[in-house]
Amino acid sequence: MDREVVLFTKPEELVAWADTHDALLNLSVEDADILLGYMEGHDYAIGRDTDGNLYRKDISEEPGERDPYSIDEIIDTVCEWNYEMILDADEERNGSEETEDEEQQER
Numbered sequence: 052m053d054r055e056v057v058l059f060t061k062p063e064e065l066v067a068w069a070d071t072h073d074a075l076l077n078l079s080v081e082d083a084d085i086l087l088g089y090m091e092g093h094d095y096a097i098g099r100d101t102d103g104n105l106y107r108k109d110i111s112e113e114p115g116e117r118d119p120y121s122i123d124e125i126i127d128t129v130c131e132w133n134y135e136m137i138l139d140a141d142e143e144r145n146g147s148e149e150t151e152d153e154e155q156q157e158r
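Okay, here's the thing in C-alpha cells:
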C-alpha cells in the first residue's frame with residue numbers, strides 16, 4: 052500500500068521538517084527555498100509521509116514516480132546541479148567572443 056506523501060510547497064515546511072527530524076542540519080528558510088527551487092526547476096518536488104520520511108516526486112508527469120530520498124541526497128543533487136550550471140556558464144563565458152548580458156554575467 053502506498054503511503055500518502057504531502058509535498059512541501061513552502062520553504063518553511065521543509066525547515067519545520069528539518070527541525071523535527073534532523074536537528075543537526077540547521078536549515079534556514081533561504082536554504083530550503085534554494086533546495087525546493089532547484090528541485091522544481093528540474094521537475095521534482097519533495098514531500099514527506101506521516102512518519103516523516105522524505106520522498107522525491109517526479110512532477111513532469113502524472114502520477115509521477117515517487118522515490119524515498121534523504122535530505123543528504125537532496126543537498127548532494129542540488130549541489131551537483133549547481134556545479135553543472137557553474138561549469139556551463141563558465142564554458143559559455145570563456146568560449147564566447149560576444150559580450151554577455153549583465154544578468155547572465157552576475158549568475
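Going letter by letter, the sequence shown gives residues 52 to 158 in this note's numbering.
For each residue, glycine too, the CB sits at the ideal point set by N, CA and C.
Just verifying my parser: in three-state terms, what is the DSSP assignment at residue i?
i: Y89; result: helix
i: R54; result: coil
i: D102; result: coil
From the DSSP output, read off the bridge partner residues of residue i.
i: I97; result: R107
i: P114; result: Paired residue(s): none; P114 is not in a bridge.
How far does the alpha helix (DSSP H) with residue i in it reach, from first residue to last?
i: P62; result: P62 to H72
i: L138; result: I122 to G146
Just to confirm, is the Cβ distance from residue i to residue j under 8 Å?
i: E55; j: T128; result: no
i: D73; j: I126; result: no
i: L76; j: A67; result: no
i: Y89; j: K108; result: no
i: P119; j: N104; result: yes
i: L58; j: G98; result: yes
i: R117; j: Y134; result: no
i: L78; j: L87; result: no
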